[in-house]
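In mature numbering (1 follows the signal peptide of the UniProt record, and there is no 0), the protein residues as written are -18 to -1, 1 to 1061.
Ideal placement from N, C-alpha and C gives every residue a C-beta, glycine not left out.
One structure is given here, and the rest of the page talks about it.
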């Protein structure tokens, strides 16, 4: 097996620091201080050599010394060496601030130059097709003709100049906005050409011959563009002027680019409008037949981002249309204003589609990334155009340039080279603020670019080095390794494979070196990661010991037009673990730069998205391991997911919020086919289920599973759990898998799903029995009880009571949660009747164990629902929310756990005037009410949505006067003597009838004993007298329960009764002796 790989070795990661833009040998040009030298840059080839042209828009002009800082254009000769070149000014104009007449496109025009501060060099371009002309503009050029002649005003029309490429004579003036009748729209009172700012952006059309001059101030800053072709015909000067009333203050023409966006046969012009709609827009017009309304509009997404201030045309795919890159240098994430570049892919007449790829820099604050964008052309010879983006204010305005590769799928979003200003010259500032058109100035076959650094008054030429094409022959054999076939090398009983590789090179561009040094590294089983390598190289040392290695390194010296090959290398397969996974052999190589200072071969990141090696390339080959799965070596398993059960606690029914604390998923599966390698179980569970552990059960043996959490979806409410079950053989016992989860937070839905699926690295034949969906119902069962009382609950007053002042009343409500689920959220409202000058709420207090937030609403007109009315009391007034205005205290309640409560006390005052103003009312009832309502997404499970109670306070008034006069002393004495006399008479009568005599002592003792036995009320009567008497200690028996004894006490003895006679009521206080005294 032999495979040949040929690569044009290009770009790596931005961390490499180098692509084929040569940052080791930059050419730096420096201009006068304070001139903004480097604000614009270009490259030019003429008969006198190669030149770098640099604009300095606020410099003095030696050809017009009387003009104050009009700006200047410099030419700097290019020499093929690293030097800081001296630059000389170019004569663009020498007329000074004078009056001038000329014929322009068949019109005779007259104007008076005012070039002070005109910013000559704000735009600069060289005709791309033949390098025959140079275009330079001054957008702040003013026409003072009306000011000089009529004491009117100056007009900042703007002016452009077209110079011959030999740069020996002054340029041709292009006063495209000097029509007197178009200076101001006097009817609608706004400036038309007067403030046009012609030339803020300007360039030649791609095919040459036309000047495209942006005028963002045209028509009161609506903007537009002037399109001029040099001739005497008025038809060769055209304007694109979007309607002022629609596009006012858009700055259309701030940036310009051209391309075939809508049709391959026609050209379009794209105009940036960074202030349109405050988000910025790009308008597409037909270049051949321009109209004032755009064909297509692209709109930015963020206010103030200056979207559209930089444009670049680039063909990202092989279709017929060009695409557009749009800069938004002040685009901000988290307020940092770092900038961004957006990519829009053309769909022809259907417009543009925004690409998912967006280019970003280092995210440095105020970096201005996207201020400039340039299509570099194909600088790495891979067939796709590449792009550079400037960030002139990155790193404290030092600046940087980012280079991105074009690929078959568009622009690769990772910068392959980042050129930081400080790596070129520590004094550079504003580096990346301007790009030239790409041009091969050193004639090595690759485009070079000039980058402006206007803040430090410098410009830098970055040359592109030639590319190295490396041909690699990489041989690995055999294609499959048979674990049963052993190699005899070194006497080791392992299967093996052999590797050989060869290199040759050629260089695209100049110069071509005779030799290059190439280093290589050979790795085996590189995709294993941290797992143990199954294959190794074995080397015999001098002491005959064998050393195992997973990597071999070496180097070659490659000669031009010859091939260099390695020795035959052997690696051994020490383990056949994971036979479904191929053995990957990787060859990495890199140029060590010996005698190749102008050649920089670096590995292409697009060749391997998963892994990139700085400054090197790699090739991988795969070798498979033969498996015990029949002659075709394809394992056809037949996994079947038999059953999935979700257990909530000890049951498998419903999940109850705040009661259930764990979830267990039980799964059983079986394989009815060939071996299922690397079987995995995937569970998709809600995000609030936390994985505890997993077990595999087979043949009554439990094994702990390797389960991992893998979140592959952003902002998702689910997560993936992957459990490695291992290899499942044909008709093994049923395998049981149990995965246990803990609850991290409660559910807010009425149900949740757990999706189970099994996968294998084998070729499984069963498709429809590999996934199950288990639904678990969720019950939310809060229970709340509202109780209350009043203090005082009643107040009694007489009609002569002093009714001045107030009565204080407190209504107290308790809200208690009884569960079983915690109350997630509820609303508790207390309604209190009020009336001005009579009843008012002084204050209220809250005592709670949960989270409560309350507010008082005094404009409520709520009608009480929970109320009581006592209709039996006459002349009664009910004071509640039906008859009086109402104050409502509304409390939002959160997270009230079972047995937690809320106590609300409402302190009210009741004026006693309410009684004097309602003289016919003798009973006033003050009644408040409360309502508690559940507010939760899961409250659908609650049958009773509201509960509440009411509290009342009664005020009573006596209708008759209660006399409380002074009691006379004689009345007290007579009453006392009468009482003593009555008591003596009663005592004498009782003595006469024998009430105090002791009779029937034995019978009373017997009755007492029976009562003690049957009623359990025996009383110990064995106390002795304190003086040691004759044993006649007595007790009085109060036989209050004697009629409850199970004997007939009505007058006749029962046959079994020990009582010989009946007892009368006069016998129950007769003293009796203890039973012990009878002995």
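- Secondary structure at residue 990: helix, using DSSP grouped into helix, strand and coil.
- Spanning the alpha carbons of residue 56 and residue 73 requires a straight line of approximately 9 Å.
- Between residue 377 and residue 346 a beta carbon distance of about 6 Å is seen, short of the 8 Å cut, so the two are scored as contacting.
- By the neighbour-count criterion, in which a residue is buried when 16 or more other Cβ atoms sit within 10 angstroms of its Cβ, residue 306 is buried.
- In the DSSP annotation of this structure, the continuous segment of the beta strand (DSSP E) that includes residue 89 starts and ends at 89 to 96.
- In the same chain as residue 655, and ignoring 5 residues on each side of it, the C-beta atoms closer than 7 Å to its own belong to 618, 619, 620, 712 and 747, in chain order.
- Of the candidates 280, 244, 279 and 261, the residue whose Cα lies closest to the Cα of residue 270 is 244.
- In this structure, the beta-carbon distance from residue 538 to residue 504 does not fall below 9 Å.
- Looking at the DSSP output, residue 305 bridges to 296.
- Annotated as proximal: residue 175 and residue 139, with beta-carbon spacing under 9 Å.
- Cβ contact annotation for residue 737 (same chain, cutoff 6 Å, sequence separation greater than five): 666 and 755, in chain order.
- Under the three-state reduction of DSSP, residue 377 is assigned to helix.
- In the structure shown, residue 317 falls within a coil segment according to DSSP collapsed to helix, strand and coil.
- When DSSP states are grouped into helix, strand and coil, residue 45 belongs to the coil group.
- Less than 9 Å divides the Cβ of residue 39 from the Cβ of residue 22.
- Here the region 329 to 338 does not lie against the region 363 to 378, with fewer than 3 beta-carbon pairs under 8 Å apart.
- For the pair residue 990 and residue 780, the Cα-to-Cα distance works out to about 55 Å.
- Close CB contacts of residue 483 within its chain, under the 6 Å cut and outside five residues either way in sequence, are with 456, 548 and 569 (chain order).
- The C-alpha of residue 463 is placed about 11 Å away from the C-alpha of residue 469.
- Secondary structure note for residue 508: it is in no beta strand (DSSP E), with a DSSP letter that is neither H nor E.
- Inclusion of residue 26 and residue 431 in the CB contact set at 9 Å is not warranted, their separation being larger than that value.
- DSSP lists 102 and 141 as the bridge partner or partners of residue 120.
- The region 81 to 97 makes contact with the region 154 to 164; the number of CB pairs closer than 8 Å reaches 3 or more.
- The criterion of a C-beta distance shorter than 9 Å is satisfied by residue 638 and residue 802.
- In the structure shown, residue 152 falls within a coil segment according to DSSP collapsed to helix, strand and coil.
- In the DSSP assignment, residue 280 falls within the beta strand (DSSP E) that extends over 278 to 281.
- Under the three-state reduction of DSSP output, residue 168 falls in the coil class, being neither helix nor strand.
- Of the candidates 816, 863, 906 and 827, the residue whose Cα lies closest to the Cα of residue 857 is 906.
- Under the three-state reduction of DSSP, residue 330 is assigned to helix.
- In the DSSP assignment, residue 887 falls within the beta strand (DSSP E) that extends over 883 to 893.
- By the neighbour-count criterion, in which a residue is buried when 16 or more other Cβ atoms sit within 10 angstroms of its Cβ, residue 324 is buried.
- Using a 10 angstroms sphere on the CB of residue 285, the tally of other CB atoms stays under 16, which defines it as exposed.
- When the five nearest sequence neighbours on each side are left out, the beta carbons in the same chain lying within less than 8 Å of the beta carbon of residue 733 are those of 757, 758, 759 and 760, in order along the chain.
- Taking residue 123 as reference, the option from 178, 290, 167 and 152 with the minimal CA-CA separation is 178.
- With fewer than 16 other Cβ atoms inside 10 Å of its own Cβ, residue 29 counts as exposed.
- Taken through DSSP and simplified to helix, strand or coil, residue 660 comes out as strand.
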